[in-house]
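K.L.:
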Amino acid sequence: MARNKFDIDEDLETPFNIRHLKRALTYAAKYKSRIFLSLFISVIASVTGLVSPLIVQYAVDHCFNREGIPMLIICAAGLLACIVISVFLSRTRSKMMTRVGQDIIYDIRRDLFHHMQELPFEYYDSRPHGKILVRVINYVNSVSDIMTNGIINFILETVNLLIIMIFMFFVCWQLALVVLCGLPVYGAIIMFIKNRQRKAWQKVSNKSSNLNAYLHESIVGVQISQVFTREEVNAGINDKLAKSYRGVWMKAVGYSNLVWPATDVVSITTRAAIYFVGLVFMPGISLGTILAMGDYSGRFWQPLMQLSNLMNTFINAVSYLERIFEMLDEPVTVKDKIGAKDMPPIKGDVHFRDVTFSYETGSTVLEHLNFDVKAGQSIALVGPTGAGKTTIVNLISRFYDLTGGKVLIDDNDISEVTLHSLRSQMGIMLQDSFIFSGTIMDNLLYGRLDATEEEVKEACRVVGIHDYICTLKDGYYTRVSERGAGLSQGQKQLIALARTILSDPKILVLDEATSSIDAKTERKLQNGLNHLLKGRTSFIIAHRLSTIRNCDRIMYVSDKGITESGTHDELIAKRGDYYKLYTAQAV
Amino acid sequence: MFLLRWLWKNMKGDRAIYCVALCMTVICQAMHLIAPHITQEIIDTFLVGEEAAENLRTGTDRLVFLLCAMIGFTLLRCVIQYSSNMCYERASQGIIYRVRKVLFDNIESQDAQFYDSHRTGDVMTVVTGDLEMVRHSIAWIIKTTLECIVLYSATMVFFFTIDWLMALCMMVMTPFILLITKGFRRTVGPFYVTLREKLSEMNTRAEENISGNRVVKAFAREDTEEERFDVCNKAYNEANKKAAFTWLKFFPGLEITAQSLSVICVLFGGIFVAWGRLSFGEYAAFAGLVWTLSNPMRTLGNIVNDYQRFTASANKIIELYYSKPFITDREDADDVPGRLEGRVEFKDVSFGYGRTQVLHDINFTAEPGETVAIMGATGSGKTSLINLIPRLYDTTGGQVLVDGHDVRKMKLKQLRGGIGIATQDVLLYSDTIEGNISFGNIDLPEDEVEKYAKAADAHNFIMHTPDGYDTIIGERGVGLSGGQKQRISLARALAVKPSILILDDTTSAVDLETERNIQDALDNLDFPCTKIIIAQRITTTRRADKIIVLRDGTIAEMGTHEELIRQNGYYREVYDLQK
């Protein structure tokens, strides 16, 4: 998968088609009955609105004299009643549609977030996180308007248009045809604008995505920028991105703003054409007909103008909708097979059978790897950085699917069981000890939500962070900010470790879990851990030999695969790669 | 008013355009009022007048002229309107562009204290959602307000010239509208403040989920995450509805009041016609222009609604716009041009975050070219100590001196420009490997990039990546192993050829052979450099000129490797552990 960075536009892979609209409508379909009801209310409100001119007409014709004043008052009261009714009806409608619209937005966002949880590491690894973030938040907000008023207005205006067309043909079909002559011209103009408009708005969404991605990275990496005094360079990049955003915006909005005047001009022209044709070429025509047709032609273009405006917002929204759907269509590569069973309680045997794996096609990381681990064994993986140690442990948790071969746990192929049942029985501590904002307690409970406070404290005692937490102002309920700012790297690792231990895993994976912890603390930690590792299969990646010496088996992983395997003493006796590594560390 | 002044200030450069646009809006509104007269003229002359048939026969030219005038007039109005719209867009984009620039500069210059209380998601909300709201306001709110005022006052003037009593009757509803809008404004304001708070929270939730996606998967906590996000999503949904419903609560009042103008028009118009005060024609003039009064009244509600929304967002923007970091250049800062010598001195330094004291009475000196190793238990204050050198934080007591200057009295750019730092929490950018290494020194030629990559022992693995130095690495360097990230971060620090190199446990995740290579490279750098290195391994520290052991924020041991081994303290213990 091609990686993306902040200043690379993401090409849209699918061309626009009506499917997007249909798909958007499936979200609306859930609220069908409410949408139809509000449509019905709208129609009644419109009809009530139509009654008002009739009342006024009657009043003007009959009540504008001294005798008519009582009747005039009645008329006024009737008019007021009409207004009140139509206002309350449209309020009810708006209320319903607000609900529907907001709920649709909620649904889309929920689905998107759900899908995000299933997306593999590659998805997150291959693009700036800011680009993902704006899709879930800002893009979804951008389509909210089209989802609410868009649908209703579209239907209403179309109905309006049809009714007026029928009226026109009923009154004078010849002049009606004159009005319709404007349509092809109008259509051509709109088509011309539309094609450019869509591309232009796609560019806008692309540029805004770039801008936000860069912004996001700049916020996250602000301290690095400061220590490298990059502020000016970064401001320059931001400036460039902001400028190109402004440029594409002006272009897009330039097209969008054309729609409205175009309608206006065509509308007036057809009106002029009616007067001209009617007066010059149709001598016998009644005055009333011409007047009425002039009026109708104005009314004919009104809904068209509304529809064009709607199209404007729609095209704008579609450029965001496309991105949202593109993300929803992003394939979930690592997923439960159809009919996958739950992993039975894990005993802890792990077998690699002829495992081959590559992240991106071409560069194979592991080739025909075979090894067996018995339940309860502790395995240390050592070797040069980048040889594939992390890859091996990632495959046990099925973070990636294999290119070839099989990984078995207790004779169950891990690709045949559900991910949740597999991973929830494993404890994986990654290199990056991510701490969420919240209290320390929240972070610890992430390992096991129903753990009691005593269990949490016990886990912290094992890793030796309990005493430190107690010195904090609010103890376990001290708030840590984003990414655990305020804690040292070593403390974060200890908390992450406690969190992993708390999940009571059958298989424990520690990937550089103690790299930032000083030697003495680590020694203390080791005693607690040894006790804990009993009865669990564990995989430990570490560079510090004091950590790995006590493991049941040490596997030396190099570019060529596992080249040495055995206990510490065996490997030392062998005087191979591990021996070299060990002697390098000796002071 | 402060908000408007702030907008005006940021409109600098587009003010003329904006004023032109406002004038064009006024012209357009006037043209709107005039346009019906041409149609009227055609109808009167050629259709309903007594000499209509006669006129038609003799005056076809005039008909064509009038029709062309009608089209031409509309065309002209459209051109003006289009231009004015584009001017508004230009001006609002201009403002956004300028504000965005200031915000970005501010984001870049904020110190750690700011980021302890502002989460990434919060700041993102300001620069995305809030800024968008402001753009909308400038393009829409002010323009619409002006349109309303012009339309309303022009019509009122016109009405008073016809009949003052009738005109007064038509005005009678105006105070009610104003009253209702005032009530609405007070009520709806807080809802929009809540709304954007909820948006900010949702943003933060999603942001952390994306950043922490590996941990989420490792703990199979997808369900929990969805539940948590759902809470935010729902809260935002509710807040949106609440704000909208508040508007709908006031909507009938506003709408009925505005529309009742037509009732007043018929009722009083009828009575006045009956009394003979008004002619039919004059009544028609009133009736024909009722919409020009009621439309502005109806729009007023929308304007207030959007304005409240705008205020909620603008306040957040302004907060960020004017927030100044505590750590900035002092006005009387010393000018220290040229390359630093690299002398670092701590004098009675104490430091703490808030009330918790982290460092006490730190005293030591690192002479130019020396290597100082810092050791100590987890949480003993190592990272806090080195953070004081590039002045990421200010000391609470004592002085940190670089080349004899108190760092608080140095220009940040000069101070930090002389320091290369590889932090513990490695943060790389989604850029090419080359772009990451030359991050602090963007003009670095390619062969030097390679040179420093080699010094950090990163060259070999880089050559194994698909595109070598042009390989794009993910945000935070995801996709690379911990050791690989650390080495790129080290190369990045070396690439600025610093006078002071600070390494915060930079080799903790690399294997020992690599570490040895790095050690050798560090000893043979081609520029003079003071090194301050936090390390856990004796192999790293033994070569140092000075080793400092921190315990609970104080210096417990200080000396060379040989001296400390003899002391039987922490260092000796660690030495024995690693022997």
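First to last, the protein sequences are chains A and B. Per our numbering, the very first residue in the first sequence carries number 839; after that it's consecutive. Per our numbering, the very first residue in the second sequence carries number 86; after that it's consecutive. No residue lacks a Cβ here, since even glycine has one placed at the ideal position from N, Cα and C. Since the structure is predicted, the reported quantities are computational estimates derived from the model, not experimental observations.
Along the segment 1050 to 1062 of chain A, where does the CB come closer than 7 Å to a CB of chain B? Name the residues.
P.N.:
Asn1050, Leu1053, His1054, Glu1055, Ser1056, Ile1057, Val1058, Gly1059, Val1060, Gln1061 and Ile1062
K.L.:
Under the assumption that methionine 218(B) contacts serine 345(B) (Cβ atoms under 8 Å), give the Cβ distance between them as a whole number of angstroms.
P.N.:
That pair is no contact at about 33 Å.
K.L.:
Report the option in Gly1414(A), His1381(A), Asn1050(A) and Pro1169(A) whose CA atom is closest to the CA atom of threonine 213(B).
P.N.:
Ranking the options by Cα distance to threonine 213(B), first place goes to Asn1050(A).
K.L.:
Leaving aside the five residues before and after aspartate 420(B) along the sequence, list all residues of the same chain whose C-beta is less than 8 Å from its C-beta, in chain order.
P.N.:
Lys496 and Gln499
K.L.:
Under 8 Å, Cβ to Cβ, is there at least one residue of chain B near glutamate 1292(A)?
P.N.:
no
K.L.:
Considering only the alpha carbon of each residue, which of Ile522(B), Lys582(B) and Ala578(B) lies closest to tyrosine 554(B)?
P.N.:
Ile522(B)
K.L.:
Using DSSP with H/G/I as helix, E/B as strand and the rest coil, what is isoleucine 102(B)?
P.N.:
helix
K.L.:
Need the endpoints of the alpha helix (DSSP H) that lysine 1089(A) sits in, please.
P.N.:
1069 to 1114
K.L.:
By a C-beta neighbour count over all protein chains shown, 10 Å radius and 16 as the cutoff for buried, is serine 871(A) buried or exposed?
P.N.:
exposed
K.L.:
Using a Cβ cut-off of 8 Å (strictly closer), state whether glutamine 955(A) contacts chain B.
P.N.:
yes
K.L.:
Quick one: does leucine 470(B) have its CB under 8 Å from some CB of chain A?
P.N.:
no
K.L.:
Could you check whether the segment 1331 to 1351 of chain A touches the segment 1267 to 1287 of chain A, counting it as contact only if at least three pairs of C-beta atoms, one from each stretch, sit closer than 8 Å?
P.N.:
At 8 Å Cβ cutoff, the stretches touch.
K.L.:
What runs of the beta strand (DSSP E), each 3 residues or longer, lie entirely inside the segment 421 to 499 of chain B?
P.N.:
429 to 438, 441 to 451, 456 to 461 and 482 to 487
K.L.:
Let me make sure I understand the geometry here. Which of Ala606(B), Asp542(B) and Glu340(B) has the alpha-carbon closest to that of proline 1222(A)?
P.N.:
Asp542(B)
K.L.:
Can threonine 1241(A) and threonine 1194(A) be called in contact, C-beta distance under 8 Å?
P.N.:
yes
K.L.:
Suppose the cutoff is 6 Å on Cβ atoms and the five residues either side in sequence are ignored; what does the same chain contact list for methionine 86(B) look like?
P.N.:
Counting only Cβ-Cβ distances below 6 Å, and skipping sequence neighbours, we find nothing.
K.L.:
Phenylalanine 1152(A) and isoleucine 984(A) - do their beta-carbons sit closer together than 8 Å?
P.N.:
Contact flag set, yes.
K.L.:
Along chain B, which residues have their Cβ under 8 Å away from the Cβ of asparagine 1275(A)?
P.N.:
According to the sequence as given, residue 1275(A) is serine; it is not asparagine. Within 8 Å Cβ-Cβ: Arg204, Thr289 and Glu293.
K.L.:
Who are the neighbours of glutamine 344(B) on chain A, taking C-beta pairs under 8 Å?
P.N.:
For glutamine 344(B), the chain A residues whose C-beta falls within less than 8 Å of its own C-beta are Ile921 and Val925, listed in chain order.
K.L.:
Name, in chain order, the residues that DSSP records as bridge partners for alanine 1218(A).
P.N.:
Ile1378(A) and Ile1392(A)
K.L.:
So with CB distances below 7 Å, who are the chain A contacts of glutamine 166(B)?
P.N.:
Pro1099
K.L.:
For methionine 790(A) and arginine 628(B), what's the separation of their Cα atoms in angstroms?
P.N.:
Because chain A in this structure spans residues 839 to 1425, residue 790(A) falls outside the shown range and cannot be described.
K.L.:
Consider the C-beta atom of arginine 931(A) and the heavy atoms of the ligand PLP; say whether any pair is separated by less than 7 Å.
P.N.:
Annotation note on the ligand PLP: not contained in the displayed structure, which lists no ligands.
K.L.:
Run through chain A and tell me which residues come within less than 8 Å of asparagine 318(B), C-beta to C-beta.
P.N.:
Proximity of chain A to asparagine 318(B) at the Cβ level (cut-off 8 Å) is accounted for by Tyr944, Arg947, Arg948 and Phe951, in chain order.
K.L.:
With a 10 Å radius around its C-beta and 16 neighbouring C-beta atoms as the bar for buried, classify lysine 860(A) as buried or exposed.
P.N.:
By the neighbour-count rule (16 or more Cβ atoms within 10 Å), lysine 860(A) is not buried but exposed.
K.L.:
In terms of residue numbering, what span does the beta strand (DSSP E) encompassing asparagine 1050(A) cover?
P.N.:
Unbroken run through asparagine 1050(A) is the alpha helix (DSSP H), 1011 to 1058; no beta strand (DSSP E).
K.L.:
Just to confirm, is the Cβ distance from leucine 927(A) to valine 348(B) under 8 Å?
P.N.:
no
K.L.:
What are the start and end residues of each continuous alpha helix (DSSP H) run of 4 or more residues lying completely inside the segment 237 to 266 of chain B, in chain order?
P.N.:
249 to 256
K.L.:
Can you find the residues in the same chain that come closer than 7 Å, C-beta to C-beta, to histidine 967(A), ignoring five residues on each side of it along the sequence?
P.N.:
His1054
K.L.:
Classify histidine 1206(A) as helix, strand or coil using the three-state DSSP reduction.
P.N.:
Strand, per DSSP.
K.L.:
Determine contact between the segment 318 to 328 of chain B and the segment 355 to 369 of chain B, defined as no fewer than three beta-carbon pairs at a distance below 8 Å.
P.N.:
no
K.L.:
Do tyrosine 655(B) and arginine 636(B) have their C-beta atoms closer together than 8 Å?
P.N.:
yes
K.L.:
Quick check on this structure: which residue in Gly1126(A), Asp1210(A), His900(A) and Val972(A) has the alpha carbon closest to the alpha carbon of threonine 289(B)?
P.N.:
Val972(A)
K.L.:
Which residues does DSSP pair with asparagine 1250(A) in a beta bridge?
P.N.:
Ile1247(A)
K.L.:
Determine contact between the segment 174 to 184 of chain B and the segment 92 to 107 of chain B, defined as no fewer than three beta-carbon pairs at a distance below 8 Å.
P.N.:
yes
K.L.:
Cβ closer than 9 Å: which chain A residues qualify as neighbours of methionine 241(B)?
P.N.:
In chain order: nothing, as chain A lies at least about 22 Å away.
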